[in-house]
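>
Residue numbers (the UniProt record's numbering): 1 to 341.
1. Can you tell me where the alpha helix (DSSP H) with residue 69 in it begins and where it stops?
2. Assuming residue 355 contacts residue 92 under a Cβ cut-off of 8 Å, what Cβ separation, rounded to an integer in Å, is found between them?
3. CB residue 97 to CB residue 71, shorter than 9 Å?
4. Can you tell me which of the three DSSP states residue 22 falls into?
5. Go ahead and pull the three-state DSSP assignment for residue 279.
6. Give me the DSSP bridge partner(s) of residue 173.
7. Any Cβ of chain C within less than 9 Å of the Cβ of residue 32?
8. Quick one: grab the DSSP three-state call for residue 314.
9. Just curious, the beta strand (DSSP E) that residue 261 is in, first and last residue?
10. Out of 56, 18, 19, which has the shortest C-alpha to C-alpha gap to residue 116?
11. Can the beta-carbon of residue 198 be found less than 9 Å from the beta-carbon of residue 125?
12. To the nearest angstrom, report how far apart residue 308 and residue 230 are at their CA atoms.
13. Leaving out five residues on either side along the sequence, give the residues of the same chain with a beta carbon under 6 Å from the beta carbon of residue 141.
14. Measure from the alpha carbon of residue 192 to the alpha carbon of each residue in 301, 204, 129, 103, then state which is nearest.
15. Which same chain residues end up closer than 8 Å to residue 277 when comparing Cβ atoms and leaving out the 5 residues on each side of it in sequence?
16. Starting from residue 87, follow the beta strand (DSSP E) in both directions and report where the run begins and ends.
17. Give the straight-line distance between the Cα atoms of residue 352 and residue 325, rounded to the nearest whole angstrom.
18. Enumerate in chain order the residues of its own chain whose CB-to-CB distance from residue 233 is below 6 Å, with the five nearest sequence positions on each side excluded.
19. Could you tell me the boundaries of the beta strand (DSSP E) in which residue 99 lies?
20. Beta-carbon separation of residue 167 and residue 188 under 9 Å?
21. Starting from residue 239, follow its DSSP beta bridges and name the residues at the other end.
22. Thinking residue 185 and residue 171 are a contact (beta carbons under 8 Å), I'd like their distance in whole angstroms, please.
23. Buried or exposed: where does residue 228 fall if 16 or more other Cβ atoms within 10 Å of its Cβ makes it buried?
24. For the beta strand (DSSP E) holding residue 215, just list the boundary residues, first then last.
25. Could you compute how far the alpha carbon of residue 270 sits from the alpha carbon of residue 245?
26. Just to confirm my understanding: we take residue 200, look at its own chain, exclude 5 residues before and 5 after, and list those with CB closer than 6 Å. What are they?
27. Check the DSSP bridge columns for residue 119 and list the partner residues they point to.
28. Comparing C-alpha positions only, which one of 18, 103, 156 sits nearest to residue 138?
29. Can you look up residue 306 in the DSSP assignment and give me helix, strand or coil?
30. Just verifying my parser: in three-state terms, what is the DSSP assignment at residue 330?
31. Whole angstroms is fine: what's the gap from residue 213's alpha carbon to residue 237's?
32. Could you check if residue 321 is buried or exposed, using at least 16 other CB atoms within 10 Å of its CB as the buried criterion?
33. Please report how far the alpha carbon of residue 242 lies from the alpha carbon of residue 289, in whole angstroms.
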């Protein structure tokens, strides 16, 4: 049985369907159709429907704070709709299978079709599995020592964020005071099967070095990074240690001022880098030896650069030619612009 907003309104005293603007009604009904459509299955029982919670900073929703809505109301399977406005708060999502849907959900971060934003000023920590963050503008200002290393932090020691999705957001790491260089847009600490798609990750003007997507502590399995625009100093950086990493990095555009993708020598690597556009440089893809990173002294697996350069549909917008350059003193190599070295 497919539920609609009216099914909840008729069961709630003092609430009328007209209390919800037409666009809000449409968004809620679309989400309910996805959650409750079909014959049987989770969420299709009208006696136990998922909740749709509305957050509006202006006071026209169930809550004015995203965090309060999560802490006081949200349960697994719920959807929190966040209206346009200013949300000066950090948010910790510790409810499994929770969706946070901003006003631009489903609209890519670089699209001209985006409307007014739900602007979150703080970090978003995803400490539960199967969480979706869709359609927000999130900016975090670095200050001092950071426990969470990213604007969006995926998991922590003991708290898995596996199976989660970060989509259609504008993510801004802000370190204009150089208090915490290499602040990440999305930092993955404990999460496999993560999808990061259709986001813009771009530092605030005047920021110190920032990283678009990075990992801390853990290995990464089945990471999907697709159709993002990343404009940080280093777009993506992971690998290292005697860990395993598998990732598909496709259809992105990297406008990085130093390095597009850095992959450090690791216990095992299964990495696809295809159909991306690399601008900036001088290094587009960097394969680093453990000797270069000074992490560990062991013989692991390194990223093979030749197919990335020749066979996987990547575009390198160079001032000269894209070539593989060897750094023999540190046993590392890079696809680089030979005119910029």
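Glycine included, each C-beta is placed from N, C-alpha and C at the ideal position.
None of the values given here were measured: they were computed from a predicted structure.
On the basis of the coordinates in this document:
1. Note, residue 69: alpha helix (DSSP H), 66-72.
2. Coverage of the chain is limited to positions 1 through 341, which leaves residue 355 absent and any answer about it impossible.
3. Cβ atoms of residue 97 and residue 71: not closer than 9 Å.
4. DSSP, reduced to helix, strand and coil, places residue 22 within a helical segment of the structure shown.
5. DSSP places residue 279 in strand when its eight states are reduced to three.
6. DSSP lists 140 as the beta-bridge partner residues of residue 173.
7. The chain inventory of the structure shown lacks chain C, comprising one protein chain alone.
8. Residue state for residue 314 is assigned as coil, using DSSP reduced to three classes.
9. Looking at the DSSP string, the run of the beta strand (DSSP E) that includes residue 261 is 259-264.
10. It is 56 whose Cα lies nearest to the Cα of residue 116.
11. No.
12. Residue 308 and residue 230 have their C-alpha atoms spaced approximately 19 Å apart.
13. Excluding residues within five positions, the ones whose Cβ falls inside 6 Å are 174.
14. Considering only alpha carbons, the answer is 129.
15. In the same chain as residue 277, and ignoring 5 residues on each side of it, the C-beta atoms closer than 8 Å to its own belong to 252, 253, 254, 314, 315, 317, in chain order.
16. For residue 87, the enclosing beta strand (DSSP E) has its first and last residue at 85-87.
17. Because the chain spans 1 through 341 in this model, residue 352 falls outside it and cannot be assessed.
18. Same-chain partners within the cutoff: 209, 210, 257, 258.
19. From DSSP, the beta strand (DSSP E) with residue 99 extends over 99-101.
20. Not in contact: residue 167 and residue 188 (Cβ atoms no closer than 9 Å).
21. In the DSSP output, where bridge partners are listed per residue, residue 239 has 264.
22. With a Cβ gap of about 5 Å, residue 185 and residue 171 count as contacting.
23. Buried.
24. DSSP places residue 215 inside the beta strand (DSSP E), whose first and last residues are 210-215.
25. Answer to the nearest angstrom: the Cα atoms are 6 Å apart.
26. Only 109, 110, 170, 229 meet the Cβ criterion.
27. Partner(s): 86, 137.
28. Residue 103 is the option with its Cα nearest to residue 138.
29. The answer is helix: DSSP assigns residue 306 an H, G or I state.
30. Here residue 330 sits in coil by DSSP.
31. About 6 Å.
32. Exposed, because fewer than 16 other Cβ atoms sit within 10 Å of the Cβ of residue 321.
33. C-alpha separation (whole angstroms): 13 Å.
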